[in-house]
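Asker: Below you'll find the structure I mean.
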Amino acid sequence: RKEVEQDPGPFNVPEGATVAFNCTYSNSASQSFFWYRQDCRKEPKLLMSVYSSGNEDGRFTAQLNRASQYISLLIRDSKLSDSATYLCVVNQGGSYIPTFGRGTSLIVHP
Amino acid sequence: DVKVTQSSRYLVKRTGEKVFLECVQDMDHENMFWYRQDPGLGLRLIYFSYDVKMKEKGDIPEGYSVSREKKERFSLILESASTNQTSMYLCASTIGQGFGEQYFGPGTRLTVT
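Protein sequence lines, in the order shown, are assigned to chains A and B.
Its first residue numbered 7, the first sequence is counted upward by one per residue in this note's numbering.
Its first residue numbered 1149, the second sequence is counted upward by one per residue in this note's numbering.
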């Protein structure tokens, strides 16, 4: 079983829609959680960190559910420019090594 | 602004050739990483380094080696390139214990023919 799992999608939504992605992780000792965004043929870039108390940045909200071992990303009022692949990243406790999910593809259409 | 650069954006090599991929970061980061990214498989860690001359194997180190002689530079070496090493190679760096933001280079698209 892969340590970090994501639905690959694609999620195909109209502009203005609200869309949510989940990412499950298997190691209960995981301590740090992130969402990255990767545009086509570009490198991944940090979108936001995920804190225990949740994290909101404009139209983006990230949540952590430790009991069920998943993190989520909610995007409100989707824009065409939100089309990308969203990567979930988990740092295992006590390790230097981040573990990436395979990514969820989002396509926002007019 | 953190900058991670990679020596080539595109590279074409023949089977059996020795290939060097260079990565340089300018922010004095301790940790550096090499990944490869393939469709449907996501990013897979090849090697990482948490200090000069220190290296650790990642998930898929077979067929690769690395070198870190200076803090800012982390090299990935394909000793004898094979067609199954055709991929996008991404270098990244982080400060401190690796629990923070990873900064990625633009990637090298390697094709082995």
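Yeah, the Cβ is synthetic: ideal placement off N, Cα and C, and Gly gets one too.
All values derive from a computational prediction rather than experimental measurement.
Which residue marks the beginning of the beta strand (DSSP E) containing lysine 51 of chain A, and which one marks its end?
Answerer: Counting along the chain, the beta strand (DSSP E) containing lysine 51 of chain A begins and ends at 51 to 56.
Asker: Is leucine 1189 of chain B helix, strand or coil by DSSP?
Answerer: If DSSP states are grouped into helix, strand and coil, leucine 1189 of chain B belongs with coil.
Asker: State the Cα-Cα distance for the pair isoleucine 113 of chain A and leucine 93 of chain A, rounded to the nearest angstrom.
Answerer: Those two C-alpha atoms are separated by around 14 Å.
Asker: Quick one, which of A:Gly22, A:Glu11, A:Val10 has its alpha-carbon nearest lysine 85 of chain A's?
Answerer: The option with the nearest alpha carbon to lysine 85 of chain A is A:Gly22.
Asker: List the residues of chain A that glutamine 1233 of chain B touches, going by C-beta distances under 8 Å, in chain order.
Answerer: None at all; the shortest Cβ gap to chain A is about 19 Å.
Asker: Kindly list, in the order they appear in chain E, the residues whose Cβ is closer than 8 Å to that of phenylalanine 1168 of chain B.
Answerer: Within the model displayed, chain E is absent; protein chains A and B are what it includes.
Asker: Given this structure, state the Cα-to-Cα distance separating glutamine 1173 of chain B from glutamine 1154 of chain B, to the nearest angstrom.
Answerer: Looking at the two C-alpha atoms, the distance is approximately 9 Å.
Asker: Given arginine 1162 of chain B, which residues of its chain have a CB within under 8 Å of its CB, disregarding the five upstream and five downstream residues?
Answerer: So the list reads Ala1229, Val1260, Thr1261, once near-sequence residues are dropped.
Asker: According to DSSP, is glutamine 1 of chain A part of a helix, a strand, or is it coil?
Answerer: Because chain A is modelled from 7 through 116, residue 1 of chain A falls outside the range shown and cannot be assessed.
Asker: Using a cut-off of 7 Å between C-beta atoms, extract the partners of phenylalanine 1222 of chain B located in chain A.
Answerer: Per Cβ cutoff of 7 Å: no residues; phenylalanine 1222 of chain B is ~14 Å from chain A at best.
Asker: Please say whether glutamate 1170 of chain B and lysine 1219 of chain B have beta carbons closer to each other than 9 Å?
Answerer: Result no, Cβ atoms of lysine 1219 of chain B and glutamate 1170 of chain B do not sit closer than 9 Å.
Asker: Does the Cβ-Cβ distance between proline 50 of chain A and glutamine 1250 of chain B come in under 9 Å?
Answerer: The answer is yes: Cβ separation under 9 Å.
Asker: How many Å lie between lysine 1151 of chain B and serine 74 of chain A at the Cα?
Answerer: Computed Cα separation, rounded: 37 Å.
Asker: Let me check one thing: in DSSP terms, what residues is alanine 1229 of chain B bridge-paired to?
Answerer: DSSP output for alanine 1229 of chain B lists no bridge partner at all.
Asker: In whole angstroms, what separates the C-alpha of tyrosine 1237 of chain B from that of serine 1223 of chain B?
Answerer: Roughly 11 Å separates the two Cα atoms.
Asker: Run through the DSSP bridge pairs and tell me what threonine 1153 of chain B is partnered with.
Answerer: BP columns for threonine 1153 of chain B point to B:Val1172.
Asker: Please return the same chain residues whose Cβ sits closer than 6 Å to the Cβ of phenylalanine 17 of chain A, not counting the five positions on each side in sequence.
Answerer: Once the five neighbours on either side are set aside, the close Cβ partners of phenylalanine 17 of chain A are Val25, Leu112.
Asker: Looking at chain B, which residues of the region 49 to 74 of chain A have a Cβ within less than 9 Å of any of its Cβ atoms?
Answerer: Within the region 49 to 74 of chain A, the residues whose Cβ lies closer than 9 Å to some Cβ of chain B are Glu49, Pro50, Lys51, Leu52, Ser55, listed in chain order.
Asker: Give me the residue from B:Glu1165, B:Phe1252, B:Glu1227, B:Arg1157 with the minimum Cα distance to glutamate 1210 of chain B.
Answerer: Ranking the options by Cα distance to glutamate 1210 of chain B, first place goes to B:Glu1227.
Asker: For serine 36 of chain A, count neighbouring C-beta atoms within 10 Å of its own C-beta (all shown protein chains included) and say buried if the count is 16 or more, exposed if not.
Answerer: Per the 10 Å Cβ criterion, buried.
Asker: By the three-class DSSP mapping on this structure, what secondary structure does aspartate 1199 of chain B have?
Answerer: Three-state result, aspartate 1199 of chain B: strand.
Asker: Using the Cα positions of proline 1254 of chain B and arginine 47 of chain A, report the straight-line distance between them to the nearest angstrom.
Answerer: Approximately 9 Å, taken between the alpha carbons.
Asker: Starting from lysine 1161 of chain B, trace the beta strand (DSSP E) both ways and give me its first and last residue.
Answerer: Note, lysine 1161 of chain B: beta strand (DSSP E), 1158 to 1161.
Asker: Restricting to Cα atoms, I'd like to know which of A:Leu70, A:Pro20, A:Gly109, A:Phe27 is closest to phenylalanine 39 of chain A.
Answerer: Answer by Cα proximity: A:Leu70.
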